[in-house]
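A.B. asks:
Protein chains: 8
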Amino acid sequence: MPNKDYIELGFAKYDLKREKIKGFPEVILALGKSNKQLTEIISKAIKRTKKLLVTKTTAEQYEAIRKAFAGTKIKSKYFETAKLVYIGDLAGKKIGKIAVVCAGTADVPVAEEAGLCAEAFGSRVERLYDVGVAGIHRLLDNVDVFKGCNTVIVVAGMDGALPSVVGGLISVPLIAVPTSVGYGSSFKGLAALLTMLNSCAVGLSVVNIDNGFGAAYQAHLINKLAVGNK
Amino acid sequence: MPNKDYIELGFAKYDLKREKIKGFPEVILALGKSNKQLTEIISKAIKRTKKLLVTKTTAEQYEAIRKAFAGTKIKSKYFETAKLVYIGDLAGKKIGKIAVVCAGTADVPVAEEAGLCAEAFGSRVERLYDVGVAGIHRLLDNVDVFKGCNTVIVVAGMDGALPSVVGGLISVPLIAVPTSVGYGSSFKGLAALLTMLNSCAVGLSVVNIDNGFGAAYQAHLINKLAVGNK
Amino acid sequence: MPNKDYIELGFAKYDLKREKIKGFPEVILALGKSNKQLTEIISKAIKRTKKLLVTKTTAEQYEAIRKAFAGTKIKSKYFETAKLVYIGDLAGKKIGKIAVVCAGTADVPVAEEAGLCAEAFGSRVERLYDVGVAGIHRLLDNVDVFKGCNTVIVVAGMDGALPSVVGGLISVPLIAVPTSVGYGSSFKGLAALLTMLNSCAVGLSVVNIDNGFGAAYQAHLINKLAVGNK
Amino acid sequence: MPNKDYIELGFAKYDLKREKIKGFPEVILALGKSNKQLTEIISKAIKRTKKLLVTKTTAEQYEAIRKAFAGTKIKSKYFETAKLVYIGDLAGKKIGKIAVVCAGTADVPVAEEAGLCAEAFGSRVERLYDVGVAGIHRLLDNVDVFKGCNTVIVVAGMDGALPSVVGGLISVPLIAVPTSVGYGSSFKGLAALLTMLNSCAVGLSVVNIDNGFGAAYQAHLINKLAVGNK
Amino acid sequence: MPNKDYIELGFAKYDLKREKIKGFPEVILALGKSNKQLTEIISKAIKRTKKLLVTKTTAEQYEAIRKAFAGTKIKSKYFETAKLVYIGDLAGKKIGKIAVVCAGTADVPVAEEAGLCAEAFGSRVERLYDVGVAGIHRLLDNVDVFKGCNTVIVVAGMDGALPSVVGGLISVPLIAVPTSVGYGSSFKGLAALLTMLNSCAVGLSVVNIDNGFGAAYQAHLINKLAVGNK
Amino acid sequence: MPNKDYIELGFAKYDLKREKIKGFPEVILALGKSNKQLTEIISKAIKRTKKLLVTKTTAEQYEAIRKAFAGTKIKSKYFETAKLVYIGDLAGKKIGKIAVVCAGTADVPVAEEAGLCAEAFGSRVERLYDVGVAGIHRLLDNVDVFKGCNTVIVVAGMDGALPSVVGGLISVPLIAVPTSVGYGSSFKGLAALLTMLNSCAVGLSVVNIDNGFGAAYQAHLINKLAVGNK
Amino acid sequence: MPNKDYIELGFAKYDLKREKIKGFPEVILALGKSNKQLTEIISKAIKRTKKLLVTKTTAEQYEAIRKAFAGTKIKSKYFETAKLVYIGDLAGKKIGKIAVVCAGTADVPVAEEAGLCAEAFGSRVERLYDVGVAGIHRLLDNVDVFKGCNTVIVVAGMDGALPSVVGGLISVPLIAVPTSVGYGSSFKGLAALLTMLNSCAVGLSVVNIDNGFGAAYQAHLINKLAVGNK
Amino acid sequence: MPNKDYIELGFAKYDLKREKIKGFPEVILALGKSNKQLTEIISKAIKRTKKLLVTKTTAEQYEAIRKAFAGTKIKSKYFETAKLVYIGDLAGKKIGKIAVVCAGTADVPVAEEAGLCAEAFGSRVERLYDVGVAGIHRLLDNVDVFKGCNTVIVVAGMDGALPSVVGGLISVPLIAVPTSVGYGSSFKGLAALLTMLNSCAVGLSVVNIDNGFGAAYQAHLINKLAVGNK
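Below is the structure:
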């Protein structure tokens with residue numbers, strides 16, 4: 058079965074078909090994987106793809122990856138804030154434009170996960186951070202960021218209100234990302250998630266709490282469609 | 058015990074002390090009371106107070122009240138949208154200023170409960186309705202409503218995001234009222250409640266879902282303090 | 058203030074800016090509005106827009122609308138399954154392609170809300186119904202529906218598993234709509250909502266339970282971007 | 058853009074408008090911020106304001122702040138129980154009166170956050186601790202604390218019942234703060250939060266679980282209005 | 058098997074052993090039973106016991122019972138507020154003393170279920186209604202009701218705070234009954250239930266929401282032990 | 058495409074493959090289907106299968122079915138308690154043995170759904186009703202029902218404790234069915250569901266609340282395996 | 058005010074009235090108290106009472122207590138499993154009888170908290186551990202433990218089913234204690250709590266998750282009443 | 058009482074009857090047991106049984122077990138991924154066939170718990186890992202694993218959608234195991250649990266989150282029945 062659409066590793070089946078369908082190799086979620094599993098998947102997969110993305114990677118997990126490929130041709134880069142690993146060549150040309158906006162400084166890690174993933178996929182990204190609605194002039198002073206965007210990613214914890222306001226200002230699709238930032242009745246992001254699902258703004262859809270990667274994927278697909286790179 | 062601080066009715070003890078402490082007679086919550094209980098409480102209480110407020114009153118309950126006092130000196134008025142009953146003299150002079158703002162048309166019943174209660178307590182009220190944040194120009198075009206206010210009541214269902222934005226625009230205390238307006242994951246107002254509790258705006262506190270009355274009470278106490286009518 | 062960006066009705070501010078920004082007049086949510094409010098908003102708004110969409114409309118609400126405009130030039134059409142009202146001219150040219158897929162027959166009302174809204178916005182829609190994953194050959198036999206689509210709307214109640222499977226088969230963005238279809242531990246759509254938010258498929262985002270309208274809006278914006286009608 | 062209403066730091070936009078509107082510089086929430094971010098915000102902000110408050114600060118975060126400004130003119134003070142940092146001149150004249158009351162010893166950290174914040178804002182504060190309703194004589198013996206108050210902050214975990222009782226004894230607005238104190242079905246403060254939202258006492262509104270800061274802000278605004286310092 | 062400890066009815070097995078163990082015949086919960094099932098169980102059971110209690114009985118269910126036994130020796134009495142049916146001889150001597158206290162008028166139905174059940178079991182009951190903690194003088198003025206009690210049942214909806222206060226005033230066991238009275242975030246009694254489970258008062262245990270019957274059973278067993286009627 | 062594995066109805070795709078795989082034609086869930094949809098599916102499907110089962114059918118829905126096929130060869134039978142419809146020939150030989158046990162009389166509808174479905178599938182069923190654990194002698198007196206069983210279905214609402222006890226007495230697989238029977242903190246079956254999922258008994262698995270049908274399907278598959286009718 | 062009914066410590070008001078009312082000095086909950094607070098409360102309180110109980114005490118907290126009173130007359134004893142501290146003379150005569158029963162070995166810490174507290178209060182206790190209902194012969198073989206009991210405490214985590222079975226076997230009040238033992242959908246004791254609140258057994262009431270102390274208090278009050286030591 | 062059906066250890070009653078009824082000795086859950094309790098139970102139990110299984114065992118707990126029996130005849134083996142301990146002779150003949158399938162690499166620990174337990178019980182097991190539905194070709198390419206199976210265990214976290222698809226492909230009973238794998242709104246496995254309980258596939262029942270052991274037990278009982286080893 059040499060032509061199978063996945064790499065068989067026993068504990069994992071690295072999906073080769075995903076790149077054919079979606080245009081980017083299967084992204085690896087480090088969460089819940091052992092160091093040994095991670096390095097084994099990466100070493101097998103990189104032979105078939107030229108680039109890899111590893112998400113939700115702890116510093117300790119990255120250290121294991123770094124060591125495993127030290128002295129080899131496999132280059133990796135770790136973005137600590139975003140807990141993201143770039144492996145191989147992710148420096149290609151960027152197309153279109155996605156804005157990544159976040160409500161507070163504590164939301165930056167998720168916003169960076171979104172921004173860096175979108176860039177890895179090949180989208181051009183512009184960032185606007187700490188523009189929560191309680192000081193709305195910060196947002197209104199910076200609406201230029203939305204010019205020429207094909208889609209906007211809005212990241213917010215606590216009250217999760219930012220997407221509702223941004224959604225009213227833009228004409229393109231908005232991907233809302235609740236974060237687990239907050240305390241007490243934020244219930245680890247549940248409050249922000251519910252706010253976004255119940256937003257009165259139109260042209261808005263939501264991904265899982267802290268799922269910057271998922272938002273980037275969706276935004277990149279939209280950006281690609283808009284640019285015409287089908 | 059003729060000097061007791063309450064009227065004993067067996068199934069109820071109408072609290073006379075509340076007026077002494079708070080400055081307004083105990084307000085009657087119609088929810089869960091039978092027609093017979095309602096009319097009995099009202100007829101006993103009105104002899105000791107000059108005015109009464111009955112909240113969460115169905116049209117059917119009001120009909121029973123109206124009939125019970127038809128032909129007597131006890132005058133009542135029913136506000137159907139707000140499910141509120143005014144009994145006796147609630148037309149006194151209004152002091153200070155409270156703004157009552159709501160996000161959508163479906164929030165009007167709760168906003169009206171808040172506004173009419175605040176007026177009954179003796180506050181001057183100015184209303185601004187349907188200024189949800191998804192079309193934020195509607196709010197920004199009307200910020201004059203906040204001028205001279207001592208407090209602002211903000212009523213919103215669905216995403217409950219309006220208080221966070223209003224809170225950033227005003228210098229006085231904001232009382233946020235989530236409503237049960239919405240569907241699906243609004244979970245009958247839970248989404249809006251959590252949004253408000255997690256608001257990044259400062260000078261904001263929250264009352265129960267659909268509790269326009271409670272917001273009005275709190276706002277009136279603040280308004281009264283500001284006016285100096287201590 | 059004759060040039061205001063909204064129509065002032067006291068209990069409502071019909072937002073005229075939305076059409077300028079999004080390309081379609083503000084859609085009216087009938088839920089929680091009285092018959093009087095509905096007809097008043099419609100009669101004022103239709104003078105400024107050529108078309109209107111009213112969602113979550115009960116048969117009784119539509120009857121009031123129909124009566125109010127009987128004998129006038131304002132034409133309306135009611136889609137009972139989708140609880141949707143078309144007012145004015147919504148028959149324009151359709152662009153691109155959106156697939157609307159649903160898991161079971163009981164999900165059809167939400168799928169139809171999505172499909173009819175998308176058509177009203179101006180997108181071409183193709184439908185595929187009752188292809189839940191428990192009999193997956195029904196889906197796999199019909200993957201042709203996805204050909205040429207710029208986006209896919211997937212509607213499912215109960216286990217909400219369909220988007221995860223469809224997401225793996227397509228290269229374009231997927232908008233997932235959980236429905237309140239089910240009983241017991243479906244908790245009125247919560248189960249399906251959580252399934253979709255936690256989907257392992259990429260290029261997928263989620264709207265509120267039963268929010269076919271919201272999915273259609275998002276899908277139409279994507280479709281429009283893809284077609285190049287910016 | 059030298060006159061912008063915020064300080065641009067990339068990861069943060071320190072809001073200068075907040076002081077103009079509310080009368081106190083934007084308070085910094087340390088939760089979720091890195092040491093580097095904290096010290097950078099503080100060093101930039103303190104140049105434009107004369108005083109700063111940092112909330113939810115761990116001892117380790119404060120140590121980084123202390124070190125960063127050691128040897129400079131910027132003076133800071135850490136209140137470990139309250140996890141609060143005073144920076145600059147917060148010793149100004151105190152006005153009016155706020156009572157801060159808590160139910161149990163384990164609620165003291167949140168009560169102290171409230172009390173110290175209110176004092177930083179410029180209110181005079183009087184404290185009454187460990188007067189939970191299960192030994193109600195402790196509260197009834199100390200009602201003098203409420204004399205002359207313009208508002209009362211009541212902090213309670215576990216059953217969260219104290220605000221309901223205090224609310225019946227006072228004529229001024231009450232700000233209720235649920236705490237995460239408790240175990241089992243307290244669900245980290247949810248029980249106390251729900252109790253307070255459903256309180257039968259009037260003139261009571263609620264802030265987020267453990268949000269002593271938020272309660273203090275609201276109480277200070279009320280106190281300021283009452284004193285007439287508008 | 059004529060000596061079995063239950064009456065076999067196919068759809069039910071009326072438990073005869075319960076009376077031997079607990080001292081009172083198995084109580085019948087009408088909820089979820091058809092009229093036919095109810096009358097069949099009653100007609101079979103009453104032959105073996107001299108008395109029966111039927112709880113959570115709708116007026117319509119009672120009407121079926123009444124009709125079924127009209128003209129027979131089986132006497133029944135319906136307490137509409139408490140939705141309770143007495144069948145046969147429940148007028149025996151009452152022992153000891155139980156106080157039944159409730160917070161608001163809307164809690165009376167559950168309090169009456171408790172009181173009437175306890176009387177049916179054979180306990181002497183004294184009632185004190187509408188003494189919620191927001192007007193605490195109403196409770197403090199009536200503490201005489203607790204004199205000589207062997208146990209106290211406290212019934213409260215909304216904030217459910219009353220048991221915490223009563224628990225601090227008495228030396229005997231307290232049975233707390235949350236009710237579904239309230240709206241919004243009372244979540245049909247969940248708020249009151251959590252309050253009671255987290256009460257700081259000692260000597261307090263809790264039964265299900267609206268379970269006046271269960272509280273009465275527990276209280277009667279305690280009262281019986283105290284009186285010495287073992 | 059005349060050989061497709063399903064019948065295309067537009068709003069539905071009746072799955073013909075299910076019978077090939079599972080041995081019984083696709084069962085129709087009436088919940089959420091219109092009368093028109095129901096009768097259309099049935100009339101098309103019965104031509105290809107000899108028998109049909111319709112679950113969660115209201116009396117009103119059955120009436121529509123009955124009328125639609127009155128005078129035709131299609132015979133149907135309605136079991137009102139179980140809300141179940143038999144269509145066509147379901148009277149075949151029964152194999153093996155399944156015991157269906159329920160805790161209370163109010164659980165009988167779900168137990169009957171389970172029992173009648175299992176019989177329709179072709180299993181022999183023995184019933185034991187109203188043997189809740191609070192009077193455990195009723196269960197212990199009837200353990201003979203388990204003799205020769207290949208599997209046992211245990212149905213219980215309220216505390217849902219019966220499966221834990223039965224599971225300790227039998228050697229064969231147990232399928233536990235929580236029901237929505239109860240009030241207050243039963244939260245419509247959630248309490249019973251959680252009890253069963255956390256059961257200490259081994260050889261036990263759980264289906265959705267009120268899902269008697271699902272339990273019967275699973276039990277029948279097990280029974281069939283045990284009898285050897287593979 | 059030397060005759061106050063509490064000891065004033067600023068951060069605490071040790072309640073002296075509780076002993077007068079309930080017959081045992083206020084019990085100290087170590088949870089959430091600092092070592093300094095604990096030792097200060099104990100040193101002040103023990104001068105006015107002859108005995109003290111400290112619950113939910115970590116080994117580290119006890120070590121601080123031990124050190125603080127080393128070399129003094131104040132004797133303390135730590136029960137590590139139960140996280141309980143005895144201080145002073147708790148060795149008095151034991152009255153009546155309480156049975157403490159638990160479902161599994163992992164429930165023993167809570168059962169021991171209950172048993173040791175009840176003994177400290179002055180009740181005689183008999184223990185029966187690991188008699189979960191999945192192996193019901195272990196319970197049925199040991200029913201002698203209930204002979205002569207005035208009340209029974211039943212402790213169970215996971216499915217929480219044991220109280221329902223025990224409740225059917227005994228004639229005296231049962232106090233049910235859910236524990237946080239379990240995993241997955243036990244949700245830290247919520248499953249067991251709901252099971253117990255919905256128990257079909259009569260003469261049963263419930264305390265908070267893991268609240269062995271609370272159960273012991275209630276049980277001791279009942280036992281004392283039964284013995285006649287009023 | 059030398060013939061008792063359990064071994065009395067005070068804190069535990071090791072159940073000997075379970076082996077007689079179910080065919081395998083009582084399995085020991087390490088969770089919540091001290092090292093001392095574990096080794097004491099094992100040393101007593103192994104004398105009466107020839108084999109033992111210990112589940113949810115941390116590496117630290119196993120180390121204590123290993124040390125306790127070092128140098129004795131009692132042989133043990135630790136499976137770290139599955140947190141499972143084999144003690145004594147578990148190498149017997151394997152019967153029938155069970156397939157264990159999991160959705161992602163992070164689900165392997167629970168899948169291994171299931172597989173290794175089923176093998177210990179005496180079933181033959183075949184594994185298929187990382188076949189989540191988002192890349193459904195990986196599952197469809199491997200359906201041979203289901204050939205000859207008597208039952209299938211499907212393990213999945215995150216969206217928990219795999220059982221719904223597998224259920225449609227097989228004719229034998231499916232045991233679904235949700236795992237706590239995921240983040241954000243997976244709520245530690247709740248999302249996957251609800252998905253499975255609401256699955257549209259038939260012949261499917263569910264066990265607790267992460268309960269690989271429970272699934273294995275149920276599957277083994279079914280496998281044993283199918284093989285005829287009754």
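Residue numbers (my numbering), protein chains in the order written: chain A, 58 to 287; chain B, 58 to 287; chain C, 58 to 287; chain D, 58 to 287; chain E, 58 to 287; chain F, 58 to 287; chain G, 58 to 287; chain H, 58 to 287.
Glycine residues also receive a C-beta, built at the ideal position from the N, C-alpha and C atoms.
Which value, in whole angstroms, describes the spacing of the CA atoms of Pro220(B) and Gly260(B)?
C.D. replies: For Pro220(B) and Gly260(B), the distance between alpha carbons rounds to 10 Å.
A.B. asks: For Val188(A), which residues in the same chain have their Cβ closer than 8 Å to its Cβ, ignoring the five residues on either side in sequence?
C.D. replies: Cβ neighbours of Val188(A) beyond the five flanking positions: Val158, Cys159, Ala160, Arg195, Leu196, Asn199, Leu219.
A.B. asks: Quickly, what does DSSP pair Ser180(C) with across the bridge? List them, please.
C.D. replies: Its beta-bridge partners are Ile152(C).
A.B. asks: Cα-Cα, which of His277(D), Cys257(D), Leu251(D) is closest to Asn265(D)?
C.D. replies: Considering only alpha carbons, the answer is Leu251(D).
A.B. asks: Would you mind listing the alpha helix (DSSP H) stretches within the region 78-140 of chain E that are 4+ residues and don't spill past its ends, in chain order?
C.D. replies: Complete alpha helix (DSSP H) runs here, min 4: 92-102, 116-126.
A.B. asks: Find the nearest neighbour of Ile78(H) within the set Lys90(H), Gly285(H), Asp62(H), Ala139(H), judged by alpha-carbon distance.
C.D. replies: Among Lys90(H), Gly285(H), Asp62(H), Ala139(H), the Cα nearest to that of Ile78(H) belongs to Asp62(H).
A.B. asks: Closer than 8 Å, CB to CB, is Asp72(G) near chain H or not?
C.D. replies: No, Asp72(G) lies away from the interface with chain H (no Cβ there is under 8 Å from its Cβ).
A.B. asks: Residues in the region 183-197 of chain H with C-beta within 7 Å of chain A's C-beta atoms, listed in sequence order?
C.D. replies: Listed by position, the residues of the region 183-197 of chain H near chain A (Cβ gap below 7 Å) are Tyr186, Asp187, Val188, Gly192, His194, Arg195.
A.B. asks: Helix, strand or coil, according to DSSP, for Ala258(F) in the structure here?
C.D. replies: DSSP places Ala258(F) in coil when its eight states are reduced to three.
A.B. asks: Tell me whether the beta-carbon of Gly205(C) lies closer than 8 Å to the beta-carbon of Lys154(C).
C.D. replies: It is a contact, given that the beta carbons lie within the stated cut-off.
A.B. asks: In chain order, what residues of the region 229-261 of chain D put their CB closer than 7 Å to some CB of chain G?
C.D. replies: Listed in sequence order: Val238, Tyr240, Gly241, Ser242.
A.B. asks: Ignore the nearest five residues each way along the sequence and tell me which others in Phe81(A)'s own chain have a CB closer than 6 Å to its CB.
C.D. replies: So the list reads Phe178, once near-sequence residues are dropped.
A.B. asks: For the structure I just gave you, are there three or more beta carbon pairs, one from the region 225-242 of chain E and one from the region 123-138 of chain E, closer than 8 Å?
C.D. replies: Cβ pair count under 8 Å is below three, so no.
A.B. asks: Cβ atoms of Glu169(D) and Thr138(D): under 8 Å apart, would you say?
C.D. replies: Yes, the pair counts as a contact, with Cβ atoms nearer than the cut-off.
A.B. asks: If I follow the unbroken alpha helix (DSSP H) through Thr197(E), where does it start and stop?
C.D. replies: Before going further, note that residue 197(E) is Leu rather than Thr in the sequence given. Start and end: 194-197.
A.B. asks: Quick check: is the beta carbon of Gly225(D) nearer than 8 Å to any beta carbon in chain E?
C.D. replies: Yes, because at least one Cβ of chain E sits closer than 8 Å to the Cβ of Gly225(D).
A.B. asks: Under 8 Å between C-beta atoms, does Thr114(B) make it to chain C?
C.D. replies: Output row for Thr114(B): interface = no.
A.B. asks: Please go through the same chain and pick out, in chain order, the residues whose beta-carbon is closer than 8 Å to the beta-carbon of Asn286(D), but skip the five residues on each side of it.
C.D. replies: In this predicted model, Asn286(D) has a pLDDT of only 48, less than 50, meaning its place in the structure is not dependable enough to derive any value.
A.B. asks: In the DSSP assignment, find the beta strand (DSSP E) that holds Pro230(E) and state where it starts and stops.
C.D. replies: Where Pro230(E) is concerned, there is no enclosing beta strand (DSSP E), given that its DSSP letter is neither H nor E.
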